[in-house]
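Working notes, structure below.
Right, dumping it as structure tokens:
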């Protein structure tokens with residue numbers, strides 16, 4: 001599966017590329033780098049007063065809701081968001097939805113008051129609901145990254161009495177690999193950095209230490225892991241309050257695929273003064289740390305599959321950080337990295 005995601009990104013991302021090539025950028029009257037400087041480590045996007053102050057400070061003009069494929073860039077051409085509504089076929093969506101079957105019980109158990117990500121109030125009380133995280137190698141929350149090593153997430157550990165997570169991963173190999181390969185089009189340098197991180201985790205960390213059970217398990221999981229993203233979240237029938245995603249970098253994207261049978265969904269981005277149409281089969285790539293975003297409750301069943309990278313994992317294996325993606329530089333990057341010229 002590594003070959004599918006990394007060596008030859010397959011025919012599917014060509015569809016993404018074709019849409020992008022036909023899409024003129026939407027220019028947002030904002031300077032991404034100045035916004036980055038204005039944010040602090042506690043700007044999680046949940047403090048309404050603080051967010052209102054930021055909106056007044058940057059005073060971004062409103063943009064009519066985006067109904068068609070769009071690339072949003074700042075005044076300098078820095079890409080902040082890709083919106084590709086209805087880009088995934090019905091069959092592709094079916095594969096993702098069917099992969100939920102082994103983890104239905106795990107999803108149900110995940111709903112518990114604590115953070116907003118799993119709080120009861122944010123779920124829509126359908127037959128299936130919940131929020132789970134998966135990673136072949138990440139740092140557990142609260143761990144000192146300088147004194148510990150990344151490890152397989154709890155949902156994928158062999159000692160987990162419910163092995164549904166591993167069955168889910170096996171069924172998600174093709175969808176996850178295809179979505180991962182799309183990043184080679186959207187942010188080629190980030191794709192390359194993610195690929196390097198996964199390869200280094202396997203070759204330089206997991207395999208050399210495979211005589212220890214934790215690293216042997218990491219090596220096994222990495223052999224199955226089909227994505228350049230080192231973590232993924234599965235969110236089913238959950239609304240998402242406005243927030244920013246920490247543990248990433250402003251120059252990086254989170255990749256979100258929304259599938260199911262639902263109506264009236266919008267991906268709201270008040271930082272950019274607009275909202276993107278978000279019907280079943282939509283894909284959004286967004287600078288989740290820079291751009292405040294959220295999704296209101298929907299009518300029907302909805303699965304959001306979110307793929308992302310953790311900066312501390314890249315740092316642990318010595319991967320150089322990728323920078324901003326410039327819309328005007330993309331054709332040259334595609335020629336050099338995607339087409340192999």
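Numbering (full-length UniProt numbering), first residue to last: 1 to 341.
No residue lacks a Cβ here, since even glycine has one placed at the ideal position from N, Cα and C.
Values in this document were obtained by computation on a predicted structure and should not be read as measured data.
If you draw a straight line from the Cα of residue 194 to the Cα of residue 309, it is about 7 Å long.
One Cα belongs to residue 271, the other to residue 72, and the distance between them is close to 12 Å. The alpha carbon of residue 89 has as its nearest neighbour, out of 159, 261, 320, 44, the alpha carbon of 261. Residue 308 carries a strand assignment under DSSP once its states are collapsed to helix, strand and coil. Residue 209 has no beta-bridge partner at all, per DSSP.
When C-alpha distances from residue 281 are compared across 101, 325, 83, 37, the shortest belongs to 83.
Its chain contains 58, 290 as the residues whose beta carbon lies nearer than 7 Å to that of residue 35, once the 5 sequence neighbours on both sides are disregarded; these appear in chain order. Short of 6 Å from the beta carbon of residue 235, and not among the five residues preceding or following it, lie these beta carbons of its own chain, in chain order: 131, 304. Within the stretch 17 to 58, the runs of beta strand (DSSP E) that reach at least 3 residues and sit entirely inside it are, in chain order, 25 to 27.
Between residue 296 and residue 265, the CB-CB gap stays under 9 Å.
Note that the C-beta distance between residue 134 and residue 232 is below 9 Å. Look at residue 241 here: in three-state DSSP terms it is strand. Nearest to residue 138 by C-alpha distance, out of 125, 202, 39, is 202. Distance check between residue 322 and each of 80, 157, 249 places 249 closest, using alpha-carbon atoms only. In the three-state scheme derived from DSSP, where H, G and I count as helix and E and B as strand, residue 302 is classed as strand.
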